[in-house]
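Our numbering puts the last residue of the sequence shown at 128; the count rises by one with no breaks. Here a beta-carbon is modelled for each residue, glycine too, at the ideal position from N, C-alpha and C.
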Amino acid sequence: MSKPATSVFVFGIYMALNGFALLIIPNSILNLFDFPTTNEIWIRVVGMLMLILAYYYIFTALKEITSFFYLSIPARFAGIIFFTAFVLFGLASPKIISFGVLDLLSGIWTTIALKKS
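In structure tokens:
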């Protein structure tokens with residue numbers, strides 16, 4: 012597996028783990044980020060969507076679909092912008108920015124790996 016593919020694969024695993032966590036123990040995850048707990052379905056739908064996205068990341072990494080690697084970078088960079096905006100508008104705890112930082116770092120990793128390949 013190439014270095015760019017490895018970076019995308021690792022991000023896919025990260026997405027899958029978060030997706031499974033939101034499906035299985037959603038309120039534990041919500042508590043970590045100071046969100047109110049819920050018994051509504053929406054949080055599990057978010058987990059399902061994360062698993063679907065994880066599938067794309069993992070599949071494209073295994074198949075070395077480089078065009079997807081490039082396509083994924085701006086989307087991952089956008090994460091930090093959205094999470095920061097959520098905090099600035101009082102919609103979320105600053106803890107949520109950690110997700111954006113991970114998105115940003117993974118996007119940087121993929122960018123560097125693509126430039127070196």
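What are the start and end residues of the alpha helix (DSSP H) that includes P105? The count along the sequence shown starts at 1 and reaches residue 105 at position 94. Where P105 is concerned, there is no enclosing alpha helix (DSSP H), given that its DSSP letter is neither H nor E.
Distance CB(A86)-CB(I24) smaller than 9 Å: The residue labelled residue 86 in the question sits at position 75 within the sequence shown. The residue labelled residue 24 in the question sits at position 13 within the sequence shown. It is not a contact, given that the beta carbons lie outside the stated cut-off.
Classify P47: buried if its beta carbon has 16 or more other beta carbons within 10 angstroms, exposed otherwise. Here residue 47 refers to the residue found at position 36 of the sequence shown. It is exposed - the Cβ of P47 has fewer than 16 other Cβ atoms within 10 Å.
Report the rounded CA-to-CA distance for F31 versus V112, giving the unit in angstroms. Along the sequence shown, one-based indexing puts residue 31 at 20. Along the sequence shown, one-based indexing puts residue 112 at 101. Straight-line Cα distance between these residues: approximately 20 Å.
Terminal residues of the continuous alpha helix (DSSP H) containing K14? Taking the sequence shown and counting its residues from 1, one reaches residue 14 at position 3. K14 -> alpha helix (DSSP H) spans K14 to I35.
Hey, could you find the ends of the alpha helix (DSSP H) P10 is sitting in? Residue 10 is absent from the structure shown; the chain starts at 12 and stops at 128.
Any idea if G101 is buried or exposed, counting beta-carbon neighbours within 10 angstroms, 16 or more meaning buried? In the sequence shown, counting from the first residue as 1, residue 101 sits at position 90. Result: exposed.
Return helix, strand or coil for N5, following the three-state DSSP convention. Nothing about residue 5 can be reported from this structure: the residues present for the chain run from 12 to 128 only.
Whose CA, out of I36, M61, N29 and F44, lies closest to the CA of E51? Along the sequence shown, one-based indexing puts residue 51 at 40. It is I36.
Let me confirm a value: W120 is counted as buried when at least 16 other C-beta atoms fall within 10 Å, else exposed. Which label applies? Within the sequence shown, numbered from 1, the residue matching residue 120 stands at position 109. Result: buried.
Pair every Cβ in the segment 14-22 with every Cβ in the segment 68-78, then say whether three or more of these pairs are closer than 8 Å. yes
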